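A.B. asks: Residues 1 to 740 in UniProt numbering are what the sequence shown lists, from first letter to last.
Cβ coordinates follow ideal geometry from the N, Cα and C atoms, glycine included.
Treat the numbers as computed from the prediction; the structure is a model and nothing was measured.
Take this structure first; my questions come after.
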Amino acid sequence: MYLKRLEIQGFKTFAQKTVLEFMPDASGKRGVTVVVGPNGSGKSNIADAIRWVMGEQSLKLLRGKRSEDVIFSGSEKRTRSGFAEVTMTLASDGPGDAHPDLDLKEVEVTRRLYRDGHSEYEVNKQSARLTDVQLLLAQCGIGQRTYSVIGQGMIDHVLVASPTERKEFFDEAFGLRPFQLKKNQALNKIDDSKKNLVQSESLLREIEPRLKSLERQVNRLSQREALEEELQTLERAHYGYEWKRLSGRFNELTANVQNARSKEAALEKEASQLEADLVEMEKAVPVGEGFRELRQTLDGLVAKRASLREKQMKFETEQAIAEVRAEKPWAPLPLSKIIESVDTLRAKHETLDEILAAEKPDLSRLKPLAAELRSMSTELVGKLQRPAPEPEKAKQTDPKAAKQLAELTSELADITEQIAKTEAAMDAWNAREEGKRKHIFETQRKLSLKRAEGQAAERLASGAEVELARVETRRESFLQDIRLHAEALEKELDALAGTAKEPNIDASARIQKIRSQLEWIGGIDPETLKEHVETEERFEFLSKQIEDLRAGITALDTIVDELESTIRERSSIAFKKLDKEFSHFFKKLFDGGDAKLVEIAPTPEMDEEGNILEEVPEGAISGVEIQATPPGKRFKSIALLSGGERALTSIALICAIMATNPSPFVVLDEVDAALDETNSRKFAEIIVTLSTKTQFVVVTHNRATMTNANVLYGVTMGDDGVSKLLSVKMEEIENLRKNA
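As structure tokens, this is what we get:
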């Protein structure tokens, strides 16, 4: 590929858009393009523009102090630019020269910088990164910081650089830059992978104990599931039999309860009938209205009789006293008479006591009367003992007393007759009532027996109901579990009941043991199971990631080893050729002498005791030394060369590099400034020879170099501080000169 076009706008002194075309000559040679101009015109800014668009980051190489120094800063007659932009177009010479990755005939690379510091890269007008641009150019054989763009300072820098820096320069010149970039990318990936590996291993170590804990819980869950499955099998057989047994017992108890309830209902009916009869009988018990009226009448008559008897006894006593006194008016009664009277009174008193005993319901009322009679008896005895009254007074009171006594006796006889009739009626009524009471007592006895039988039946029914309730409770407990899977389990339960066999004691013991084991195991939180799945997935992911990272690191190490092997192999081949070409061009420029390149092997790293810490790989090269001996001199160190000799040595080295690994194009920025006219002609001849394989863009003041150019660009600067471009094709001038 070759440099086809360069577009500059706002870059340093090129304020306005400027386009440089780099076309091959008529013979197809890429030729030599020379840029000339007075000092300060900005011609070297073209080399800087090419270096900048290729991704150069060193402000020193760009001859600036700040990144915005590459943007046109303005002048008295022209305002400053807001951005700098350079576009470089690379084209292929033919079908086989196209870029292998892009498969394009042209590749357009653009870099743009704004004053706010924002930077942009584009490849074929598509946004890209700096690393993409560097890799693209390296694959095209164009180095960013090597001989593709060689400035004045770089000529001497190659000679005074350290062996290590010089080796890096040569490696890029040998076309090893793509391999080195890939190696660096691989090493960066290895570093990133190792960091990720450390992080992943750390995370894995953190979650591994938790995963083991969760695995133990999940194992318990598996054990629980196995036990539950075994328990279910045993319970299906056990409770199938229990269902069958309890269903039969339930039916039996249901029949017993129904029989007991039927018997209870019959007894209840008979008891109700007896209670109804009892109520009817109790209505006829002597608490009715007729009995109360008879009782009241009897009480009244008894009271009245007692009163009359009192009066009768009082008058009879007084009459007897009067009679006694009449017989012996002035003599006291003999003691025997008095004793007889007293005995008579005592007999009457005893009669009254008998009446009182018979009339117990009226005892409280008759007690005062008895007390009064006792008092009268005492008084009578006292009177008998006192002297008798005069006969005349006694005779005066006798007729009145006799009359009253007769009346009282008549009334007493009537009352006594009424009492006798009443008592006869009461006796008859009592006889009837006694028969009724006996019937009631017999009925109550039968009722008590029936009630006792009913209570016994009720206790039997209650016991059956309690047992039935227990059976029903257990049955409902089974049904409650069964209802969870209603239809399917019910069919299965019926099937089990039909085929159930009585379980053995071992099965029951096993059920209890399994239940104890399940209780010991406990439940498993669903979130724990979910966490185990997530943690296991995370663990497997990290394990796979660690495995992939280790495999990736191993693969990258293999790639690095292969790249290092390729770099060493190609470097060795290229170095031998470079050494040969360097000696050739040195002799040509110096008309003799000798020069060579010497590889330096790295020194093994040692500890304080002198032991080797790390072996140096076989064939490893850490740097390159340059030995140069001009004609007629014996020293070999380049530090002893004069300024002209150093310049020729540098040019010989650069020409050797271009001959060893030709670059698509090379920009030389006043590298021949220190050469005299003779050496300038030699240099120009070498450039023309090398231009068959490499396109050259030479910024120079040297006339010999100008005369060998195919295209000549002149750069000037006006009073506005802006560089302007003029172009002349030397082939056309030569034709005009020949035709003149």
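Span of the beta strand (DSSP E) holding R112?
C.D. replies: That run of the beta strand (DSSP E) goes E106 to Y114.
A.B. asks: Assign L158 to one of two classes, buried (16 or more other C-beta atoms within 10 Å of its C-beta) or exposed (fewer than that).
C.D. replies: Here residue 158 is Val; the residue named in the question, Leu, does not match the sequence. Buried, by the Cβ-count rule.
A.B. asks: Are the CB atoms of G37 and G714 nearer to each other than 8 angstroms?
C.D. replies: Contact: yes.
A.B. asks: From K152 to E108, what distance separates their C-alpha atoms?
C.D. replies: Checking the sequence, you will find Gln at residue 152 rather than Lys. Roughly 28 angstroms between the two C-alpha positions.
A.B. asks: In whole angstroms, what is the alpha-carbon distance linking D427 and E411?
C.D. replies: Roughly 24 angstroms separates the two Cα atoms.
A.B. asks: Around the Cβ of H439, are there at least 16 other Cβ atoms within 10 angstroms (buried) or fewer (exposed)?
C.D. replies: Exposed.
A.B. asks: What residue range is occupied by the uninterrupted alpha helix (DSSP H) comprising S81?
C.D. replies: Element bounds for S81: n/a, residue is neither H nor E.
A.B. asks: Counting only C-beta atoms, is K400 closer than 8 angstroms to chain D at any point?
C.D. replies: Checking the listed chains, one finds no chain D in this structure; it contains a single protein chain.
A.B. asks: Rounded to whole angstroms, what is the Cα-Cα separation between R691 and C655?
C.D. replies: The displayed chain sequence assigns Ser, not Arg, to residue 691. So the two alpha carbons sit approximately 11 angstroms from each other.
A.B. asks: Closer than 8 angstroms is the cut-off here; do at least three beta carbon pairs connect the region 565–572 with the region 175–185?
C.D. replies: Verdict: yes, contact present.
A.B. asks: Name the two residues that bound the continuous alpha helix (DSSP H) containing L61.
C.D. replies: No alpha helix (DSSP H) holds L61; DSSP gives it neither H nor E.
A.B. asks: Check this for me: beta carbons of V624 and E599, under 8 angstroms apart or not?
C.D. replies: Going by C-beta atoms, V624 is nearer than 8 angstroms to E599.
A.B. asks: Between the alpha carbons of K393 and R432, how many angstroms are there, rounded?
C.D. replies: In this prediction, K393 scores a pLDDT of 45, lower than 50, which makes its location untrustworthy; the coordinate-derived value is nonetheless stated afterwards. Cα-Cα distance, rounded: 57 angstroms.
A.B. asks: Between V697, L211 and K693, which has its C-alpha nearest M1's C-alpha?
C.D. replies: Considering only alpha carbons, the answer is K693.
A.B. asks: Are the region 586–600 and the region 196–204 touching by the rule of at least three beta carbon pairs closer than 8 angstroms?
C.D. replies: Short answer: they don't touch.
A.B. asks: Just list the alpha helix (DSSP H) runs in the region 117–146, keeping only unbroken ones of 4 residues or longer that don't cross its boundaries, in chain order.
C.D. replies: Taking only runs of at least 4 residues, the alpha helix (DSSP H) segments lying wholly in the region 117–146 are 130–139.
A.B. asks: Work out the CA separation of R205 and I553 for me, nearest whole Å.
C.D. replies: C-alpha separation (whole angstroms): 20 angstroms.
A.B. asks: In the DSSP assignment, the alpha helix (DSSP H) including E168 goes from what residue to what residue?
C.D. replies: Run containing E168: P163 to A173, per the alpha helix (DSSP H) assignment.
A.B. asks: Taking the alpha carbon of L253 as the point to measure from, which residue in G240, G463 and Q16 has its own alpha carbon closest?
C.D. replies: Among G240, G463 and Q16, the Cα nearest to that of L253 belongs to G463.
A.B. asks: Let's test the definition: count the other Cβ atoms within 10 Å of the Cβ of S477 and tell me whether it reaches 16, buried, or not, exposed.
C.D. replies: Classification of S477: exposed, given that the 10 Å Cβ count is below 16.
A.B. asks: Between the beta-carbon of A674 and the beta-carbon of A647, is there less than 8 angstroms?
C.D. replies: In contact: A674 and A647 (Cβ atoms closer than 8 angstroms).
A.B. asks: Apart from the five residues just before and just after A186, which ones in its own chain have a Cβ nearer than 6 angstroms to its Cβ?
C.D. replies: Excluding positions up to five away in sequence, the list reads L556, I559 and V560.
A.B. asks: Closest to E540 by CA distance: which of L61, L6, E208 and G632 is it?
C.D. replies: Nearest C-alpha to E540: E208.
A.B. asks: With burial defined as no fewer than 16 other Cβ atoms inside 10 Å of the residue's Cβ, what is the status of F585: buried or exposed?
C.D. replies: With 16 or more Cβ atoms within 10 Å of its Cβ, F585 is classed as buried.
A.B. asks: Which residues does DSSP list as the beta-bridge partners of F14?
C.D. replies: Partner(s): F11.
A.B. asks: Whose CA, out of Y121, E122, T89 and L113, lies closest to the CA of E106?
C.D. replies: Comparing Cα positions, the closest option is T89.
A.B. asks: Exposed or buried, what is P664 when buried is set at 16 or more other beta-carbons lying within 10 Å of its beta-carbon?
C.D. replies: Its Cβ being crowded by 16 or more others within 10 Å, P664 is buried.
A.B. asks: Jot down the residue ranges of each uninterrupted alpha helix (DSSP H) in the region 592–670, minimum 4 residues, whole runs only, in chain order.
C.D. replies: Correct list: 643–660.
A.B. asks: Whose C-beta lies closer than 7 angstroms to the C-beta of S549 among residues of the same chain, with five residues either side of it excluded?
C.D. replies: Here residue 549 is Leu; the residue named in the question, Ser, does not match the sequence. Same-chain partners within the cutoff: S193, N196, L197 and S200.
A.B. asks: From the DSSP output, in three-state form, read off M88 for me.
C.D. replies: Here M88 sits in strand by DSSP.
A.B. asks: Is the CB-CB distance between M717 and T79 below 8 angstroms?
C.D. replies: The answer is no: Cβ separation not under 8 angstroms.
A.B. asks: Of all the options Q517, T528, I621 and P630, which has the alpha carbon lying nearest to the alpha carbon of A226?
C.D. replies: Considering only alpha carbons, the answer is Q517.
A.B. asks: Quick check on DSSP: helix, strand or coil for E527?
C.D. replies: Correct three-state label for E527: helix.
A.B. asks: Indicate whether residue 751 and V666 have their beta-carbon atoms separated by less than 8 angstroms.
C.D. replies: A question about residue 751 goes unanswered here, because the residues of the chain that appear run from 1 up to 740.
A.B. asks: Could you give the distance in angstroms between the alpha-carbon of L136 and the alpha-carbon of I46?
C.D. replies: Each residue's alpha carbon lies about 21 angstroms from the other.
A.B. asks: Would you mind working out which of D719, K436 and L668 sits nearest M706, comparing C-alpha positions?
C.D. replies: Taking only the C-alpha atoms, the option nearest M706 is L668.
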